[in-house]
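One structure below.
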Amino acid sequence: MDLNIYKGTDSSWGVVAKLFHWIIAILIFFQVAAGINLHFMEFSMQKPLFIDIHKISGSFLLILVFLRIIWRFYNSKPSNKEVPLIHIVVSKIVHVILYALMIFIPIQGMVLTWTGGYDVSLLGLYNLPRLVEENLIKYEQFKSLHYYFALLLTFIFTIHLSAGLYHRFITKDKYGIWKRMSFKK
Ligand code: HEM
Ligand code: HEM
Numbered sequence: 001m002d003l004n005i006y007k008g009t010d011s012s013w014g015v016v017a018k019l020f021h022w023i024i025a026i027l028i029f030f031q032v033a034a035g036i037n038l039h040f041m042e043f044s045m046q047k048p049l050f051i052d053i054h055k056i057s058g059s060f061l062l063i064l065v066f067l068r069i070i071w072r073f074y075n076s077k078p079s080n081k082e083v084p085l086i087h088i089v090v091s092k093i094v095h096v097i098l099y100a101l102m103i104f105i106p107i108q109g110m111v112l113t114w115t116g117g118y119d120v121s122l123l124g125l126y127n128l129p130r131l132v133e134e135n136l137i138k139y140e141q142f143k144s145l146h147y148y149f150a151l152l153l154t155f156i157f158t159i160h161l162s163a164g165l166y167h168r169f170i171t172k173d174k175y176g177i178w179k180r181m182s183f184k185k
């Protein structure tokens, strides 16, 4: 299969990178909303089911993020020739933090699950070997850490989202930043 036709160009990230970006963005919204919901949920018969869904979608997200990064190395990136340096530097920092959090939080969620004495399964099909011992004191601490990192992720992607909307609506996308990640021609 010729993957070159799916690669980015000077003015677009290309269809594969766009699909990764938007599918992962939707999953992140879902994951944060479901997680915050779990944080405030009293224990009930349904809670374990919600936690299972959260774990399955979170591990799926982690797999997608790894695939996205692999594709990023292979893909051609749009040109930043016209874009002011300050935009380039700030957006690079924000993107690196986003990638780091998209990897760290799910892995930390897996560690948290093991310290609670539970299993992590790959897409609900296969249980991964437990790499960390059960420790219920750490479980509570790791749960708080997981929560605060999810809030940090929310904060950073809100900055990112605002920057995207700023390009789209305030600058009328004069540098083509919005267009290169959007599916609209
Ligand atoms: C509705 C919400 C969102 C909007 C409007 C949006 C918009 C954009 C746009 C326009 C770009 C292209 C930037 C460029 O070409 O320089 C971009 C890139 C990017 N976005 Fe988003 N985004 C959103 C949600 C998210 C979320 C939730 C995440 C992850 C937590 C995310 C992570 C990224 C990353 C890492 C890049 C850089 C791509 C790369 O360098 O590989 N975005 N986004
Ligand atoms: C970007 C991905 C993820 C985000 C944003 C996220 C977010 C959250 C949040 C906000 C909570 C609530 C914490 C609390 O109760 O104080 C939570 C709970 C939890 N998460 Fe995640 N999570 C993600 C991925 C994962 C993954 C991949 C796993 C494991 C495979 C996982 C396992 C758990 C567990 C076990 C809980 C505790 C539920 C409970 O006992 O109340 N999370 N998550």
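Quick note on numbering: the working numbering labels position 178 of the sequence shown as 178, and the sequence is numbered without any gaps.
We put the CB at the ideal spot given by N, CA and C, even for glycine.
Since we're looking at a predicted model, the values are computed, not measured.
Practice item. Say yes only if the C-beta of Met102 is nearer than 7 angstroms to one or more non-hydrogen atoms of ligand 1, and no if none qualify. Key: For the purposes of this step, residue 102 is identified with residue 102 of the sequence shown, where counting begins at 1. Placement of the Cβ of Met102 at a distance of less than 7 angstroms from at least one heavy atom of ligand 1 is found.
Point to revise | DSSP state of Leu122 mapped onto helix, strand, coil | key: Mapped onto the sequence shown, residue 122 falls at position 122. Residue state, collapsed to three classes: strand.
Check your understanding: Name the DSSP beta bridge partners of Asn127, please?
Key -> Indexing the sequence shown from 1 puts residue 127 at position 127. Residue pairing of Asn127 in beta bridges, as defined by DSSP: Ser121.
Practice item. Tell me whether the beta-carbon of Leu98 lies closer than 8 angstroms to the beta-carbon of Phe157. Key: Taking the sequence shown and counting its residues from 1, the one referred to as residue 98 is at position 98. Taking the sequence shown and counting its residues from 1, the one referred to as residue 157 is at position 157. Yes.
Point to revise | CA-to-CA distance, Asn127 to Gln141, given in whole angstroms | key: What you label residue 141 is simply residue 141 of the sequence shown in a count that begins at 1. What you label residue 127 is simply residue 127 of the sequence shown in a count that begins at 1. Straight-line Cα distance between these residues: approximately 24 angstroms.
Check your understanding: Can you find a heavy atom of ligand 1 that lies under 7 angstroms from the Cβ of Ser57?
Key -> In the sequence shown, residue 57 corresponds to position 57, counting from 1. Checking every heavy atom of ligand 1 against the Cβ of Ser57, none is found closer than 7 angstroms.
Practice item. Compute the Euclidean distance between the alpha carbons of Thr9 and Met181, then round it to the nearest angstrom. Key: For the purposes of this step, residue 9 is taken as residue 9 along the sequence shown, with counting starting at 1. For the purposes of this step, residue 181 is taken as residue 181 along the sequence shown, with counting starting at 1. Between the alpha carbons of Thr9 and Met181 lies a gap of roughly 11 angstroms.
Check your understanding: If you draw a straight line from the alpha carbon of Glu82 to that of Ser91, how long is it in whole angstroms?
Key -> Counting from one through the sequence shown, the residue named residue 82 turns up at place 82. Counting from one through the sequence shown, the residue named residue 91 turns up at place 91. Approximately 15 angstroms, taken between the alpha carbons.
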